[in-house]
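What follows is a set of notes on a single structure, which appears directly below.
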Amino acid sequence: MPTTIVLPDGFEWIALPLLASHLLLSAQAVMVFNRRKKANIELAVYAEKAQVEKSPDAFNFNSMQRVHGNTLENINMITMCTILTALQYPILAAVTCGTWVVGRVLYTRGYLEAPEMRNKRGGFMSGMAQLVIQAGAIVSVAQLLGSKFW
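If you're matching positions, the sequence shown starts at 469 in the working numbering and goes up one per residue.
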């Protein structure tokens, strides 16, 4: 049995700033990555290089810390885009977000078991799902606001 939710007048306008904040976070993530790489700065809150060289556990800790941090960097954007996409395409939103989660599980396992394979073990899957959910959010927002502008 379907559930009806009545949204208040003007609800569609929240979609635009929500989408804008997602795009801001995406751009910031790219900028941080580029600047860290250019400055040759190591990530903070990790085991020191000497510890990693002496202990596989330190290496594994660093790997898990990075996987977790990377997921935290993306989860708000995924959540926001899933909600925005679901306003127009709820099944697509659910399937795509579910695919992202499965991809992240595979990414986590791959990163911990074979770091050189991490992008082949789930990274590609979650990355593609993220692109689809972002596109879904953009299309949903455009459809919600389209009648206001055209």
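Glycine included, every Cβ here is placed at the ideal spot set by N, Cα and C.
It should be emphasised that the depicted structure is a prediction, and the values quoted were computed from it without experimental measurement.
Of the residues Thr471, Cys549, Ser523, the one placed nearest tryptophan 568, counting alpha carbons only
On the sequence shown, residue 568 is found 100 positions in, with the first residue counted as 1. Of Thr471, Cys549, Ser523, the residue nearest in Cα terms is Cys549.
Using the rule of at least 16 other Cβ atoms within 10 Å of the residue's Cβ for burial, across every protein chain shown, is isoleucine 601 buried or exposed?
Walking along the sequence shown from the start, residue 601 turns up at place 133. Residue burial annotation: isoleucine 601 is buried, with at least 16 other C-beta atoms found within 10 angstroms of its C-beta.
On the three-pair Cβ rule with 8 Å, is the stretch 562-576 touching the stretch 518-529?
With the cut-off at 8 Å, the stretch 562-576 and the stretch 518-529 do not touch.
For alanine 495 versus leucine 613, is the C-beta spacing smaller than 8 Å?
As a working note, residue 495 is residue 27 in the sequence shown. As a working note, residue 613 is residue 145 in the sequence shown. Cβ distance not < 8 Å, so alanine 495 and leucine 613 don't count as in contact.
Among Tyr514, Met469, Met545, Pro524, the one whose alpha carbon lies nearest that of alanine 582:
Your numbering for residue 582 matches position 114 in the sequence shown. Nearest C-alpha to alanine 582 among Tyr514, Met469, Met545, Pro524: Pro524.
I need the boundaries of the alpha helix (DSSP H) containing lysine 517, first residue and last residue.
Reading the sequence shown from its first residue, position 49 is the one you call residue 517. For lysine 517, the uninterrupted alpha helix (DSSP H) segment begins and ends at 517-522.
Buried or exposed for arginine 503, going by 16 or more other Cβ atoms inside 10 Å?
In the sequence shown, residue 503 corresponds to position 35, counting from 1. Classification of arginine 503: exposed, given that the 10 Å Cβ count is below 16.
Within 10 angstroms of its Cβ, does serine 594 collect 16 or more other Cβ (buried), or is it exposed?
Position 126 of the sequence shown, counting from 1, holds the residue named residue 594. By the neighbour-count rule (16 or more Cβ atoms within 10 Å), serine 594 is buried.
Pairwise C-alpha distance: phenylalanine 529 and leucine 552
The sequence position of residue 552 within the sequence shown is 84, counting from 1. The sequence position of residue 529 within the sequence shown is 61, counting from 1. Between the C-alpha atoms of leucine 552 and phenylalanine 529 there is a straight-line separation of about 35 Å.
Please classify histidine 536 as buried or exposed, where buried requires at least 16 neighbouring CB atoms within 10 angstroms.
The count along the sequence shown starts at 1 and reaches residue 536 at position 68. That one is exposed.
On a Cα-Cα basis, can you pick out the residue from Gln611, Gly578, Ala562, Val607 that is closest to alanine 597?
One-based indexing of the sequence shown puts residue 597 at position 129. With distances taken between Cα atoms, alanine 597 lies closest to Ala562.
Answer yes or no: do valine 467 and leucine 487 have a C-beta to C-beta separation smaller than 8 Å?
This structure cannot speak to residue 467, because the chain is shown only from 469 to 618.
Simplified DSSP assignment, three categories, for glutamine 602:
As a working mapping, residue 602 is identified with position 134 in the sequence shown. Correct three-state label for glutamine 602: helix.
Alpha helix (DSSP H) segment containing alanine 562, residue limits:
Reading the sequence shown from its first residue, position 94 is the one you call residue 562. Looking at the DSSP string, the run of the alpha helix (DSSP H) that includes alanine 562 is 558-581.
Where does proline 470 sit, in a helix, a strand or coil, going by DSSP?
What you label residue 470 is simply residue 2 of the sequence shown in a count that begins at 1. Coil at proline 470, not helix or strand.
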